[in-house]
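Inspection log for the structure reproduced underneath, given as structure tokens.
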Amino acid sequence: MNLPSPIQAYFDADRRSDGEALIRAFAPDAVVKDEGQTYVGRQIIAKWWRETKEKYQTVVEPLEIRDEDDVTKVSAKVTGQFPGSPALINFAFRLSDDQIANLDITA
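No gaps in the numbering here: position 94 of the sequence shown is 117 in my numbering, and each next residue is one more.
As structure tokens, this is what we get:
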């Protein structure tokens, strides 16, 4: 799968549970939307990611990529400690200056 470099960095860091590398893929004022909540800025996004990773112990396997306008959408199989695992989850990335500016995560 040929992902843009910041998106590849996100999934690689997530797989290694490397929060520092993961957060470097985001713009300083990035926005993440997940489970009805919005997280703004690297520090808040880092906290969200660490808490989510610890709570659900997720493993994310990207399956399909498609570009729509200025959004890169990645469908992934997510396995972890949550009801309905594994689940097909959609990650919609918007990039700016070779960093993740927005990430919307939906089931």
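Every residue gets a Cβ at the ideal spot worked out from N, C-alpha and C, and that includes glycine.
Query raised in the report: Cβ atoms of LEU118 and ALA99: under 8 Å apart, would you say?
Result: no
Query raised in the report: With distances taken from CA atoms, which of GLY42, TYR79, GLY103, VAL97 is nearest GLN66?
Result: GLY42
Query - Helix, strand or coil at ALA130 according to DSSP, with G and I counted as helix - result: coil
Query raised in the report: With C-beta atoms as the reference, is ALA48 less than 8 Å away from ALA124?
Result: no
**Report entry** Whole-angstrom C-beta distance between PHE116 and VAL94, which should lie under 8 Å
**Finding:** 7 Å
Query - Every unbroken alpha helix (DSSP H) within the segment 65 to 128, with a cutoff of 4 residues, ordered by chain - result: 65 to 79
Query raised in the report: Can you tell me whether ALA130 is buried or exposed, with buried defined as 16 or more other CB within 10 angstroms of its CB?
Result: exposed
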